[in-house]
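J.: Attaching a single structure in structure tokens format; questions to follow.
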Amino acid sequence: MTETCHQTLEIELKRLIIDALELEDITLADIDPHAPLFGEGLGLDSIDALELGLALQKQYGIKLDSEADETRRHFASLAALQALVEARRVN
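For the sequence shown, position 70 (counting from the first letter as 1) is numbered 69 according to numbering that gives the first Met the number 0, and the numbering increases by one without interruption.
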């Protein structure tokens with residue numbers, strides 16, 4: 000994937016997170032690609048994880064098992080989520 004495509008996907012995913020989770024007080028610049036999405040990072044919770052999983056499925060055709068350990072790793076940070084989308088996106 001080219002650097003431009005990589006950066007474009009990062010911005011798309013930031014927008015997806017903000018829009019799908021209705022994070023009105025968060026800007027694209029607020030989301031550090033390497034900071035945790037859950038807990039002390041962006042502060043997302045398990046309901047947010049479900050909503051984000053549905054948004055990923057709708058946008059990129061990626062289906063995730065909410066109980067799988069690998070899903071937790073993919074949701075660790077924006078960078079981890081981006082690697083998943085780059086590897087498995089359908090459209």
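Backbone N, C-alpha and C define an ideal beta-carbon position, used for all residues, glycine too. Here the structure is a predicted model, which means the values were calculated and not measured.
Rounded to whole angstroms, what's the CA-CA distance from residue 81 to residue 12? Just pull it up for me.
T.: Counting from one through the sequence shown, the residue named residue 81 turns up at place 82. Counting from one through the sequence shown, the residue named residue 12 turns up at place 13. Cα to Cα, the separation comes out at about 7 Å.
J.: Using DSSP's beta-bridge definition, name the partner residues of residue 43.
T.: Residue mapping note: residue 43 aligns to position 44 of the sequence shown, counting from 1. DSSP, once it has assigned bridges, lists 37 as partnering residue 43.
J.: Alpha carbon to alpha carbon, what distance is there between residue 83 and residue 36?
T.: Here residue 36 refers to the residue found at position 37 of the sequence shown. Here residue 83 refers to the residue found at position 84 of the sequence shown. Roughly 15 Å separates the two Cα atoms.
J.: Just curious, the alpha helix (DSSP H) that residue 10 is in, first and last residue?
T.: On the sequence shown, position 11 is the one that residue 10 refers to. From DSSP, the alpha helix (DSSP H) with residue 10 extends over 2-19.
J.: Quick one: what's got a C-beta closer than 8 Å to residue 19's C-beta in the same chain, skipping five residues either side?
T.: Looking up residue 19 in the sequence shown gives position 20. Here the set comprises 50, 51, 53, 54.
J.: Could you tell me if residue 73 is buried or exposed, where buried requires 16 or more neighbouring beta carbons within 10 angstroms of its beta carbon?
T.: Residue mapping note: residue 73 aligns to position 74 of the sequence shown, counting from 1. Residue 73 should be labelled buried.
J.: Within its chain, find whatever has a CB closer than 6 Å to the CB of residue 33; leave out the 5 residues flanking it on each side and keep chain order.
T.: By 1-based counting over the sequence shown, the position of residue 33 is 34. 76, 78, listed in sequence order.
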